[in-house]
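Mapping to UniProt numbering: the sequence shown position 741 is 741, numbers consecutive.
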Amino acid sequence: MDDLIDFADGPTSRECSPIPRRMGHGFNHFEWIPNVNLALTDLLARSSAPHYDCKDSDQDLTDDSVEFLKEHSITNVISVNSEAINPAIRDKLKANGIAYTPIPVKDMKTPTIEQLMQGYQAFRKSTNGATLIWCGYGHGRTGTMVSAIEMLRAAELQLHHYFLPDNYKARHVEAKEQVKTLNKLQNFLEPLNVKRQIAEFQPIVDDAQASVQELKANKQKPSSEVKSAQSKLGKAVSTLEDLETALDIQWQIDRVWFDRSLALLAQTKVTEPPSPQTLIDCFHDTKEHVGVLLGDNAGIQAFADYIKSTAESLKDLMRTLGVAAGIATPETESAASTPSSEEMPSDDETSQDKTKDEQASANKEPLPQPAQKPPADITAQIRVIEDYRKRVHDMFTFLQTKVQDIRHDVEHVRDETMGRLQLQGLNADLLGFKRTIKDHASKGMSTKVDSKIFYAALQQVDEIASNAYETAWNAAKLVNDNERFRIQDYETARAAVHEIRIKLAEMMGFQAKQYATNYVRFQWQRAQGSKAQAEEEATMLEHVVRQLIKPASDLGTYLEEKMKNAKTIKNIFDFAKKGASSDMIEYDAPVGVSTTGTMWLNNKETAHQALQHELDTLSAEIQAMKGPTVALITITALGMQETQIAQAVLANVDEAEKNIMEWRKEAIREVIDAMDKEAQDEIEAKQDMERRQRIEAEDRRLVAERGRDWKIELAIDIGLALLAAGPNLPASIAEGILWARQALRIIRYLRNAISEEAREAEGLPAHASEQGLPAHTSEEGLPGTAEKGDLTSQAQQVRTRLTRSLKEWKIAAPTNTQQWAQSKAPNQVFEGLVGLRDAGVKPTKSIEELIEDLDALEVPSDEPGDPELDEPLEDLRQDLKSPRVPIRLPKKAKLPELAHLRAPRDYQSLRQDLKRAASIPHHSSDVAFKQLIEEAAAYLPAECDIKRNSMAFKVVEFIRMPAVAA
Numbered sequence: 001m002d003d004l005i006d007f008a009d010g011p012t013s014r015e016c017s018p019i020p021r022r023m024g025h026g027f028n029h030f031e032w033i034p035n036v037n038l039a040l041t042d043l044l045a046r047s048s049a050p051h052y053d054c055k056d057s058d059q060d061l062t063d064d065s066v067e068f069l070k071e072h073s074i075t076n077v078i079s080v081n082s083e084a085i086n087p088a089i090r091d092k093l094k095a096n097g098i099a100y101t102p103i104p105v106k107d108m109k110t111p112t113i114e115q116l117m118q119g120y121q122a123f124r125k126s127t128n129g130a131t132l133i134w135c136g137y138g139h140g141r142t143g144t145m146v147s148a149i150e151m152l153r154a155a156e157l158q159l160h161h162y163f164l165p166d167n168y169k170a171r172h173v174e175a176k177e178q179v180k181t182l183n184k185l186q187n188f189l190e191p192l193n194v195k196r197q198i199a200e201f202q203p204i205v206d207d208a209q210a211s212v213q214e215l216k217a218n219k220q221k222p223s224s225e226v227k228s229a230q231s232k233l234g235k236a237v238s239t240l241e242d243l244e245t246a247l248d249i250q251w252q253i254d255r256v257w258f259d260r261s262l263a264l265l266a267q268t269k270v271t272e273p274p275s276p277q278t279l280i281d282c283f284h285d286t287k288e289h290v291g292v293l294l295g296d297n298a299g300i301q302a303f304a305d306y307i308k309s310t311a312e313s314l315k316d317l318m319r320t321l322g323v324a325a326g327i328a329t330p331e332t333e334s335a336a337s338t339p340s341s342e343e344m345p346s347d348d349e350t351s352q353d354k355t356k357d358e359q360a361s362a363n364k365e366p367l368p369q370p371a372q373k374p375p376a377d378i379t380a381q382i383r384v385i386e387d388y389r390k391r392v393h394d395m396f397t398f399l400q401t402k403v404q405d406i407r408h409d410v411e412h413v414r415d416e417t418m419g420r421l422q423l424q425g426l427n428a429d430l431l432g433f434k435r436t437i438k439d440h441a442s443k444g445m446s447t448k449v450d451s452k453i454f455y456a457a458l459q460q461v462d463e464i465a466s467n468a469y470e471t472a473w474n475a476a477k478l479v480n481d482n483e484r485f486r487i488q489d490y491e492t493a494r495a496a497v498h499e500i501r502i503k504l505a506e507m508m509g510f511q512a513k514q515y516a517t518n519y520v521r522f523q524w525q526r527a528q529g530s531k532a533q534a535e536e537e538a539t540m541l542e543h544v545v546r547q548l549i550k551p552a553s554d555l556g557t558y559l560e561e562k563m564k565n566a567k568t569i570k571n572i573f574d575f576a577k578k579g580a581s582s583d584m585i586e587y588d589a590p591v592g593v594s595t596t597g598t599m600w601l602n603n604k605e606t607a608h609q610a611l612q613h614e615l616d617t618l619s620a621e622i623q624a625m626k627g628p629t630v631a632l633i634t635i636t637a638l639g640m641q642e643t644q645i646a647q648a649v650l651a652n653v654d655e656a657e658k659n660i661m662e663w664r665k666e667a668i669r670e671v672i673d674a675m676d677k678e679a680q681d682e683i684e685a686k687q688d689m690e691r692r693q694r695i696e697a698e699d700r701r702l703v704a705e706r707g708r709d710w711k712i713e714l715a716i717d718i719g720l721a722l723l724a725a726g727p728n729l730p731a732s733i734a735e736g737i738l739w740a741r742q743a744l745r746i747i748r749y750l751r752n753a754i755s756e757e758a759r760e761a762e763g764l765p766a767h768a769s770e771q772g773l774p775a776h777t778s779e780e781g782l783p784g785t786a787e788k789g790d791l792t793s794q795a796q797q798v799r800t801r802l803t804r805s806l807k808e809w810k811i812a813a814p815t816n817t818q819q820w821a822q823s824k825a826p827n828q829v830f831e832g833l834v835g836l837r838d839a840g841v842k843p844t845k846s847i848e849e850l851i852e853d854l855d856a857l858e859v860p861s862d863e864p865g866d867p868e869l870d871e872p873l874e875d876l877r878q879d880l881k882s883p884r885v886p887i888r889l890p891k892k893a894k895l896p897e898l899a900h901l902r903a904p905r906d907y908q909s910l911r912q913d914l915k916r917a918a919s920i921p922h923h924s925s926d927v928a929f930k931q932l933i934e935e936a937a938a939y940l941p942a943e944c945d946i947k948r949n950s951m952a953f954k955v956v957e958f959i960r961m962p963a964v965a966a
């Protein structure tokens, strides 16, 4: 405990500015994380939330903030702000191509182990650019997430860095609970500590169950015994949850080591790969012993020693392969020196040194070169590694299932014994929360209250509501899992949450009304002013409008989110009434539950019933918010226009007063609107032209160096690498769709290229460009390709094999996919497909048909309007500020050291890496493979890809968001 003495117990008070100013990008304490515990190619940064002042709610992502992120190559943001689930920030980042992972954590609290793992997976899956982490101020919660990412990355890289209190302080970890969580994570990363967990959990479970038996035997049931039994049962559940998490973390690290072993094996093709038996010897009989235990259905404790021996055997495997690949020696090899696929120097770097020598000896007589050995066949070695991977995966799956079964038994005992008492306590807490919220809301919304009292009340209501939602979730889980309860037992909790949400919505509406009223009052006072100078009035007006923009945007996006959820539910109900695609109706409602965040007691009610309750609450929330919020957004947009008008007039009339401006208002408004659009279009056109120029210049260079067929050669290599990955992917729909998108891209390009070559051979005019025919050209009537040489033959073979894989790979999907998907959001489409698979629906549609169907379905760029509004709410919000911010080039950002190592691979390096990738299988944990394919495919023409405005592309975008598991 002495280690915690320097860390705080509670929140640190921060002084608030009287009037927060939204100046500049707003990121304070921005810094790059050194790569001491990271791969050389990792880019990780930390900062405050944008425009943080003293509260988490201060965060505001402005155009300048987005430009700052783009200048620093930030493509991935992880927020541990308590208000991380912020639609305005999410939408703006998404519109600018920046992934966003919200992980809400209260100030000075600690993320859970699961949240730390969620953040790490988001960091790890980001295949390009840098990751930025922010909370509020940028210290405690951010420092905790940064430390966790460093721990997990160091474990993958076998760096063996143990974090001590001084390391936490250096990373600005602030609270005792944060240190405890990080220490727990650090223990989970060490196989010996997991072995201790396995040894210790059973006595804790036995003690809890014994206390329950004693309680049952005692008819008196004194409160002290009840509390003791509750405490012991809670400790048993917590211990088992920790063990589940530790086992999962160990498997995640092991699977990365398996991926690295395959990557090292691929490099031995040009040297001398170890024999299969040599690789088997690295396992030290672990595979056989684990197999026997699995066959005997042994107890959990019997596997304790094999958690560590598995890790040690994988280290030996990588060491052996590293030596064979020529990147390590037995004498110098250490755990820290085994490079990952991310940190291995690229062929481009090594080729730069070679180029100098080649230039120096350019005029010398070439020396005779020895005959080059053909690449070795490593099929048997791959089978050895993959068989071991399966055995280790089976072991961890077996252990986790066993632990889950024990935990479920303990929870069942707890719920059966304490369930009724627990539910009474939870309902009492919820009713107390409801009364307190009602009191705070009443005080905050009284007619004579000032803004400080209102905002204090709103903050208190928001915090209490958060606790109420967590309590309601616990009550729902208790009722849902306990066979003695019925759905009626949850009515008290459901009604309380309904009233709490409506009260919070009423306060949001009141807030919008007060902002709008204050602006109208300000305008009225301006009208009564006698001799105020126009410049002073313009400054005052700009200040008032600036204060309106953030609340108008935040309240608007909050209301829009509610309206979208209500629309989703209505669409599901309408679709069911029509009776169309009946094979999907029973799956749409559960997907709607997921996408709208509806509380669903799936053991006690249907998904349709749960959605109806949610729709009732949403309708009441929208009713409370819509009028005042729409009025505030409209007033703010008009205020912004008036500010622009005043500034435009003042730029031409030095001492203009308000009455001078009036006659020019309409003409200036039109000029401003036209200039804004023209400036935006000009910036985007310039960016597009520069991008095209870079692509064309690179194309000319490669044509000069490699010949006009260089893209065909690259496409063949990509296709072969994809074929190596394809057979291992069907278990994951997300991975399958990503794979199919790239495979279809290669098929289209090769088909077009072959067709174009055939036309040129017959002397027919070339089509639109060197890139070949349009992406959807029919194959009918093409000239034969057998006589077109080795390259054309290879292209035809790859195309045929990819096409066969796409057709043979079946997926469970609606018969009429387009009709089913046309009224849905991309996440609903994806989750609907996952729901079909999880329900065991027979796969009947090829993944090629699925992608083609979704590619043919255009997603409207504008959200349909609310029939009760003159225009869509989204359009009203866009009047405040554009969500997409083009970076104003040519600003330069200061990148951390070693940035040159992160430059994209050149053409030759890509081809070499693709050839290696084609020789080994790949798994969802192999992020380096995804990065390689994306980097290589970027060289191919965009018209061969799925359409950017199609449902297929939007589903791919959703899958690639870090929050979605691979």
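Glycine included, every Cβ here is placed at the ideal spot set by N, Cα and C.
Quantities reported herein were computed from a predicted structural model and do not represent experimental measurements.
- Do Ile-500 and Ala-475 have their C-beta atoms closer together than 8 angstroms? Not in contact: Ile-500 and Ala-475 (Cβ atoms no closer than 8 angstroms).
- Message: Distance check for Leu-399 and Lys-179, CA to CA, integer angstroms please.
- Response: For the sequence presented, residue 179 should be read as Val rather than Lys. Inter-residue distance for Val-179 and Leu-399 is about 28 angstroms (C-alpha atoms, whole angstroms).
- Task: Below 8 angstroms on the Cβ atoms is my guess for Ala-496 versus Lys-434; work out the distance and round it to an integer in Å.
- Result: Rounded to whole angstroms, the Cβ separation of Ala-496 and Lys-434 is 5 angstroms, and the two are in contact under 8 angstroms.
- Which one or two residues does DSSP pair with Ser-79 in a beta bridge? Its beta-bridge partners are Pro-102, Trp-134.
- Message: In whole angstroms, give me the CA-to-CA distance for Gly-234 and Arg-414.
- Response: Between Gly-234 and Arg-414, the C-alpha separation is close to 8 angstroms.
- Task: Look at the Cβ atom of Val-80, then the Cβ atom of Val-105, and state whether they are nearer than 8 angstroms.
- Result: Yes.
- Taking only runs of the alpha helix (DSSP H) that begin and end inside the stretch 203 to 288, which ones reach a length of at least 4 residues, in chain order? Counting whole runs of 4 or more residues, the stretch 203 to 288 contains the alpha helix (DSSP H) stretches 223 to 267, 276 to 282.
- Item | Cβ neighbour criterion (16 or more within 10 Å) applied to His-408 | Exposed, since its Cβ has fewer than 16 Cβ neighbours within 10 Å.
- Task: Give the DSSP-derived three-state secondary structure of Arg-46 in the structure shown.
- Result: Strand, per DSSP.
- Residue span of the alpha helix (DSSP H) that contains Ile-959, given as start and end: It spans 951 to 960 - the alpha helix (DSSP H) in which Ile-959 sits, taken as one unbroken run.
- List the DSSP bridge partners of Trp-32. Bridge partners of Trp-32: Ala-45.
- Message: In the DSSP assignment, the alpha helix (DSSP H) including Gln-178 goes from what residue to what residue?
- Response: Looking at the DSSP string, the run of the alpha helix (DSSP H) that includes Gln-178 is 176 to 188.
- Query: Roughly how many whole angstroms lie between the Cα atoms of Ala-103 and Ala-84?
  - Reply: At residue 103 the sequence reads Ile, which differs from the Ala that was named. Near 6 angstroms, if we compare the C-alpha coordinates of Ala-84 and Ile-103.
- Item | Integer Cβ distance of Ile-847 from Ile-811, believed to fall under 8 angstroms | Rounded, the Cβ-Cβ distance is 5 angstroms, consistent with contact.
- Task: With distances taken Cα to Cα, identify the nearest neighbour of Glu-174 among Leu-157, Thr-144, Gln-186, Arg-694.
- Result: Comparing Cα-Cα distances from Glu-174 to each of Leu-157, Thr-144, Gln-186, Arg-694, the minimum goes to Thr-144.
- Task: Under 6 angstroms Cβ to Cβ from Ser-47, same chain only, skipping five residues before and after it: list those, please.
- Result: Same-chain partners within the cutoff: Phe-27, His-29, Phe-30, Trp-134, Gly-138.
- Item | Rounded straight-line distance, which links the Cα of Leu-504 to that of Gln-197 | If you draw a straight line from the Cα of Gln-197 to the Cα of Leu-504, it comes to about 44 angstroms.
- Message: Taking 7 angstroms as the limit between beta carbons, can you name the residues of its chain near Val-927, skipping five residues before and five after?
- Response: Cβ within range, chain order: Arg-124, Lys-125, Thr-127.
- Presumed contact (8 angstroms Cβ cut-off) between Ile-920 and Ala-376, rounded CB distance: Not a contact, Cβ separation roughly 13 angstroms.
- Query: Using 8 angstroms as the Cβ pair cut-off and three pairs as the minimum, do the stretch 566 to 573 and the stretch 610 to 626 touch?
  - Reply: Note that the stretch 566 to 573 touches the stretch 610 to 626; at least 3 beta-carbon pairs, one per stretch, sit closer than 8 angstroms.
- Message: Does the structure place the stretch 32 to 43 close enough to the stretch 154 to 173 that three or more beta carbon pairs sit under 8 angstroms?
- Response: The stretch 154 to 173 and the stretch 32 to 43 touch, with no fewer than 3 CB-CB distances between them shorter than 8 angstroms.
- Message: On the DSSP letters alone, give me the boundaries of the alpha helix (DSSP H) that residue 969 sits inside.
- Response: With the chain represented from 1 up to 966, any question about residue 969 goes unanswered, as that position is not in the structure.
- Message: Taking 8 angstroms as the threshold (C-beta atoms), are Asp-107 and Asp-56 in contact?
- Response: Yes, the Cβ-Cβ distance between Asp-56 and Asp-107 is below 8 angstroms.
- Task: Confirm, please, whether the CB-CB distance from Ala-229 to Leu-240 is below 8 angstroms.
- Result: No, the pair does not count as a contact, with Cβ atoms beyond the cut-off.
- Item | Coil, strand or helix - Glu-605 by DSSP | Coil.
- Beta-carbon proximity of Thr-278 to Thr-310, cut-off 8 angstroms: No. Outside cutoff.
- Message: Helix, strand or coil for Ile-846? Go by DSSP, reduced to three states.
- Response: The sequence given here places Ser at residue 846; Ile does not occur at that position. Strand.
- Query: Which partner residues of Ala-8 appear in the DSSP bridge assignment?
  - Reply: Residue pairing by DSSP puts Ala-8 in a beta bridge opposite Ala-175.
- Item | Same chain, Cβ closer than 6 angstroms to Gly-639, five either side skipped, listed in chain order | The residues are Val-545.
- Between the CA atoms of Ala-552 and Ala-527 - distance to the nearest angstrom: Confidence in Ala-527 is poor, its pLDDT being 49 and thus under 50, which makes the residue's placement too unreliable to answer from.
- Item | Closest Cα partner of Ile-78 within the set Gln-118, His-613, Gln-460 | With distances taken between Cα atoms, Ile-78 lies closest to Gln-118.
- Apply the 10 Å Cβ neighbour rule to Met-445 and answer buried if 16 or more other Cβ atoms are within range, or exposed otherwise. Buried, because 16 or more other Cβ atoms sit within 10 Å of the Cβ of Met-445.
- Is the CB-CB distance between Gly-832 and Val-593 below 8 angstroms? No. Outside cutoff.
- Message: Does His-160 pass the burial test, meaning 16 or more other C-beta atoms within 10 Å, or should it be called exposed?
- Response: Within a 10 Å sphere around the beta-carbon of His-160 sit fewer than 16 other beta-carbons, which makes this residue exposed.
- Pull up the DSSP beta-bridge partners for Lys-810, would you. Per DSSP, Ser-846.
- Name the residue from Gly-24, Asp-60, Asp-53, Ala-8 whose alpha carbon lies nearest to the alpha carbon of Ile-549. Answer by Cα proximity: Asp-60.
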